[in-house]
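Visitor: Taking this note's numbering, I'd label the letters of the sequence shown as residues 230 to 628. Backbone N, C-alpha and C define an ideal beta-carbon position, used for all residues, glycine too. Pasting in a structure now, in structure tokens, and then I'll have a few things to ask.
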Amino acid sequence: MKRLLIILFVFISIYVSGQQSPLQVQAKRGVFTERLQINGRWIDRISTDLNTSDSASDNVLATGKAIADFLRPRANRYIHNQFSVPQPAGLWMQGNAAVGPVNNFMTPLTSGLPAQVYITHRNAQHGLSVQRSSNDQGPASLVFFKNNATGLNTLGALQPGDQIGSLAFSAHTTNQTAVANIMDIHGLVEKTAPSWLSSGFVFNTTDTGGNYGQRMWLNAAGNLLLGNETNNPYRLNVANGDVRFNSLSQEEDVLVTANNDGVLSKLYLGGSLWIEDGYLNAYVQQPQGPLIYTAVLSQTGTADPVVHVLQNPQNAQIVWTRTATGVYTGTPVAGGLGSNQVFHAEASDEAGNVFSARLSISPPGTPNEVYTLRVKDDNLANKDGWTNISIEIRGFIFN
Numbered sequence: 230m231k232r233l234l235i236i237l238f239v240f241i242s243i244y245v246s247g248q249q250s251p252l253q254v255q256a257k258r259g260v261f262t263e264r265l266q267i268n269g270r271w272i273d274r275i276s277t278d279l280n281t282s283d284s285a286s287d288n289v290l291a292t293g294k295a296i297a298d299f300l301r302p303r304a305n306r307y308i309h310n311q312f313s314v315p316q317p318a319g320l321w322m323q324g325n326a327a328v329g330p331v332n333n334f335m336t337p338l339t340s341g342l343p344a345q346v347y348i349t350h351r352n353a354q355h356g357l358s359v360q361r362s363s364n365d366q367g368p369a370s371l372v373f374f375k376n377n378a379t380g381l382n383t384l385g386a387l388q389p390g391d392q393i394g395s396l397a398f399s400a401h402t403t404n405q406t407a408v409a410n411i412m413d414i415h416g417l418v419e420k421t422a423p424s425w426l427s428s429g430f431v432f433n434t435t436d437t438g439g440n441y442g443q444r445m446w447l448n449a450a451g452n453l454l455l456g457n458e459t460n461n462p463y464r465l466n467v468a469n470g471d472v473r474f475n476s477l478s479q480e481e482d483v484l485v486t487a488n489n490d491g492v493l494s495k496l497y498l499g500g501s502l503w504i505e506d507g508y509l510n511a512y513v514q515q516p517q518g519p520l521i522y523t524a525v526l527s528q529t530g531t532a533d534p535v536v537h538v539l540q541n542p543q544n545a546q547i548v549w550t551r552t553a554t555g556v557y558t559g560t561p562v563a564g565g566l567g568s569n570q571v572f573h574a575e576a577s578d579e580a581g582n583v584f585s586a587r588l589s590i591s592p593p594g595t596p597n598e599v600y601t602l603r604v605k606d607d608n609l610a611n612k613d614g615w616t617n618i619s620i621e622i623r624g625f626i627f628n
């Protein structure tokens, strides 16, 4: 009886081993009639080709060959990855992904939203490296593309104020419970047109008081603004705070002057000029004089002016000549009227044809100083031919 039971058990075992359960057969076709749970996750199907619609499901178990084929580069082909139209990418990831070794790190950003792709690294590793080898002048680039639409298949133009892209620098806060946005650089659209847009860069930082805001703005016109302003028509604009030039420091107070090339340099104070409490002070002595030169001039044609001296106690001699229409120079040849002078010319033409008469000196206070008289008519054009224009020069001498 025992021998019969053993034979019967062996026969049943051989029969069963030659059969396959319905679940096994259906699983080999790639679809489960009953869900399979692996490591706490339900699996609906097995995929051997992720370049099909299988990748549209979140509950797919991919074979090793499917993953290898999915990642293997193909000439003139793109990875579809649940898109009906080929996408221009070697690897397309939708949803969250991690690239590189993932160690314990905080995921929420300042906005409260998780990052979509994490690139993590440890010591002696690159976080992200963009490299290029080519014979052209193209850069190894990282491109930020912003589309004013809910999807990439529909293009929408950006509007002024839109941010095109942003480089954000983040780190743990002191309590190690969150990730804070410490600073960022973003491209800002400033102006749009049918076929082009203009934009600039805005730099935001967090100061020592924890205040996050704009610190610098390089706009589309190339104007640089330091501070938190929304309009900058100047090439360089310091909106607030002090400006320091190291080349103007390390000595006593000075004034600043610029040469013809726009180079700033120090103008030293001395003698009777000094700065105190932010004010420029000057010590002025009581002058001697005045030394007076008063004359009446008349001119005709292209001849030099005829001069009638009315007052000249110091016997200053000035030779007057015509240099151009309505322009006459007086050159001192003897005597002097001091280094500090005031001038006056009266448009006193007897015929009333002179609208303006102006007397000046250049360069003042030097041995080569020359007086210049300019005469203009009612149209403000230089004019010859006038009678009895009076001039007066008063000079002062300081001890």
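Exposed or buried, Tyr508, counting other C-beta atoms within 10 Å across all chains shown (16 or more means buried)?
Guide: Residue numbering aside, residue 508 sits at position 279 when the sequence shown is read from its first letter. Exposed, by the Cβ-count rule.
Visitor: Along the chain, where does the beta strand (DSSP E) that runs through Asn510 open and close?
Guide: Locating residue 510 in the sequence shown gives position 281, counting from the first residue. Residues 508 to 511.
Visitor: In three-state terms, what does DSSP make of Asp413?
Guide: As a first step, residue 413 is located in the sequence shown; it is residue number 184 there, counting from the start. Correct three-state label for Asp413: strand.
Visitor: Tell me which residues share the same chain as Leu426 and place their Cβ nearer than 7 Å to its Cβ, disregarding the 5 neighbours each side in the sequence.
Guide: If you number the sequence shown from 1, residue 426 lands on position 197. The answer, listed in chain order, is Leu387, Val418, Lys420.
Visitor: In angstroms with no decimal places, state the Cα-to-Cα distance between Ser629 and Leu484.
Guide: Any property of residue 629 remains undetermined from this structure, which presents the chain solely from 230 to 628.
Visitor: Within 8 Å, do at least three Cβ pairs link the segment 494 to 503 to the segment 518 to 527?
Guide: With the cut-off at 8 Å, the segment 518 to 527 and the segment 494 to 503 do not touch.
Visitor: Pair every Cβ in the segment 608 to 622 with every Cβ in the segment 567 to 576, then say whether three or more of these pairs are closer than 8 Å.
Guide: Because the criterion of three Cβ pairs below 8 Å is met, the segment 608 to 622 and the segment 567 to 576 touch.
Visitor: Would you check whether the ligand GTP has a heavy atom nearer than 8 Å to the C-beta of Gln528?
Guide: Among the ligands in the structure shown, none appear at all, so the ligand GTP cannot be discussed.
Visitor: Short check: CB of Glu229 to CB of Ile590, under 9 Å?
Guide: There is simply no residue 229 to check, as the chain begins at 230 and stops at 628 in what is shown.
Visitor: Put Asp229 into one of helix, strand or coil per three-state DSSP.
Guide: There is simply no residue 229 to check, as the chain begins at 230 and stops at 628 in what is shown.
Visitor: In angstroms with no decimal places, state the Cα-to-Cα distance between Gly530 and Ala553.
Guide: As a working mapping, residue 530 is identified with position 301 in the sequence shown. As a working mapping, residue 553 is identified with position 324 in the sequence shown. One C-alpha to the other measures close to 11 Å.
Visitor: Whole angstroms are fine: how far does the CA of Asn611 sit from the CA of Asn448?
Guide: Here residue 448 refers to the residue found at position 219 when the sequence shown is read from its first residue. Here residue 611 refers to the residue found at position 382 when the sequence shown is read from its first residue. Rounded to the nearest angstrom, the two C-alpha atoms are 46 Å apart.
Visitor: Counting C-beta neighbours from all protein chains within 10 Å, is the total for Trp271 16 or more, i.e. buried, or is it exposed?
Guide: The sequence position of residue 271 within the sequence shown is 42, counting from 1. Label assigned to Trp271: exposed.
Visitor: Flag this pair as yes or no: are the beta carbons of Trp615 and Val583 separated by less than 9 Å?
Guide: The count along the sequence shown starts at 1 and reaches residue 615 at position 386. The count along the sequence shown starts at 1 and reaches residue 583 at position 354. Yes, these two residues count as a Cβ contact at 9 Å.
Visitor: Can you tell me the Cα-Cα spacing of Val431 and Arg444, whole angstroms?
Guide: Here residue 431 refers to the residue found at position 202 of the sequence shown. Here residue 444 refers to the residue found at position 215 of the sequence shown. Their backbone Cα atoms lie some 8 Å apart in a straight line.
Visitor: Name the DSSP beta bridge partners of His350, please?
Guide: In the sequence shown, counting from the first residue as 1, residue 350 sits at position 121. His350 is not bridged to any residue.
Visitor: Where does Ala297 sit, in a helix, a strand or coil, going by DSSP?
Guide: In the sequence shown, counting from the first residue as 1, residue 297 sits at position 68. Helix at Ala297.
Visitor: Could you tell me the boundaries of the beta strand (DSSP E) in which Leu496 lies?
Guide: Taking the first residue of the sequence shown as 1, we reach residue 496 at position 267. Unbroken beta strand (DSSP E) run through Leu496: 493 to 497.
Visitor: Taking C-beta to C-beta, are Met412 and Ala422 nearer than 9 Å?
Guide: To locate residue 412, count along the sequence shown from 1; it is residue 183. To locate residue 422, count along the sequence shown from 1; it is residue 193. No, these two residues do not count as a Cβ contact at 9 Å.
Visitor: What does the Cβ neighbour count give for Gln540, buried or exposed, with the cut at 16 atoms within 10 Å?
Guide: Start at 1 with the first residue of the sequence shown, and residue 540 comes out as number 311. By the 10 Å Cβ count, Gln540 comes out exposed.
Visitor: Does Ser478 come out as helix, strand or coil in the three-state DSSP assignment?
Guide: Numbered from its first residue, the sequence shown carries residue 478 at position 249. If DSSP states are grouped into helix, strand and coil, Ser478 belongs with coil.
Visitor: May I ask you to report which of helix, strand or coil DSSP gives Ser568?
Guide: The residue labelled residue 568 in the question sits at position 339 within the sequence shown. Of the three classes helix, strand and coil, the one that applies to Ser568 here is coil, per DSSP.
Visitor: Could you tell me the alpha carbon to alpha carbon distance between Gly390 and Gly416, rounded to whole angstroms?
Guide: Here the question's residue 390 lines up with position 161 in the sequence shown. Here the question's residue 416 lines up with position 187 in the sequence shown. If I take the Cα positions, the gap works out to 10 Å.
Visitor: Sort out for me which residues DSSP pairs Ser589 with in a bridge.
Guide: Residue 589 sits at position 360 when you count from the first residue of the sequence shown. In the DSSP output, where bridge partners are listed per residue, Ser589 has Thr601.
Visitor: Tell me whether Ser527 sits in a helix, a strand or coil according to DSSP, three-state version.
Guide: Here residue 527 is taken as the residue at index 298 of the sequence shown, counted from 1. Of the three classes helix, strand and coil, the one that applies to Ser527 here is strand, per DSSP.
Visitor: To the nearest angstrom, report how far apart Ser428 and Pro592 are at their CA atoms.
Guide: Numbered from 1 along the sequence shown, position 199 holds the residue referred to as residue 428. Numbered from 1 along the sequence shown, position 363 holds the residue referred to as residue 592. Roughly 49 Å between the two C-alpha positions.
Visitor: Within its chain, find whatever has a CB closer than 8 Å to the CB of Ala532; leave out the 5 residues flanking it on each side and keep chain order.
Guide: Counted from its first residue, the sequence shown places residue 532 at position 303. Around Ala532: Arg551.
Visitor: Restricting to Cα atoms, I'd like to know which of Asn376, Arg587, Gly567 is closest to Ile626.
Guide: Residue mapping note: residue 626 aligns to position 397 of the sequence shown, counting from 1. Considering only alpha carbons, the answer is Gly567.
Visitor: Given a threshold of 16 other Cβ atoms within 10 Å of its Cβ, counted over all protein chains shown, does Ser276 qualify as buried or as exposed?
Guide: Sequence index remark: in the sequence shown, residue 276 carries index 47 (1-based). Classification for Ser276: buried.
Visitor: Could you spell out where the beta strand (DSSP E) holding Gly429 opens and where it closes?
Guide: Counting from one through the sequence shown, the residue named residue 429 turns up at place 200. 426 to 435 is the span of the beta strand (DSSP E), which, as asked, contains Gly429.
Visitor: What number of angstroms, rounded off, separates the C-alpha of Ile267 from the C-alpha of Gly385?
Guide: Taking the sequence shown and counting its residues from 1, one reaches residue 267 at position 38. Taking the sequence shown and counting its residues from 1, one reaches residue 385 at position 156. Distance between the alpha carbons of Ile267 and Gly385: 43 Å.
Visitor: Check this for me: beta carbons of Leu493 and Asp482, under 9 Å apart or not?
Guide: For this step, residue 493 is matched to residue 264 along the sequence shown. For this step, residue 482 is matched to residue 253 along the sequence shown. No, the pair does not count as a contact, with Cβ atoms beyond the cut-off.
Visitor: Tell me which same chain residues have a C-beta within less than 6 Å of the C-beta of Gly356, skipping the five on either side of it?
Guide: Translated into positions along the sequence shown, residue 356 becomes position 127. Around Gly356: Ile348, His350.
Visitor: Buried or exposed: where does Lys375 fall if 16 or more other Cβ atoms within 10 Å of its Cβ makes it buried?
Guide: As a working mapping, residue 375 is identified with position 146 in the sequence shown. Under this definition Lys375 is an exposed residue.
Visitor: Is it buried or exposed, Ala563, if we count other Cβ atoms within 10 angstroms and call 16 or more buried?
Guide: For the purposes of this step, residue 563 is taken as residue 334 along the sequence shown, with counting starting at 1. Ala563 should be labelled exposed.
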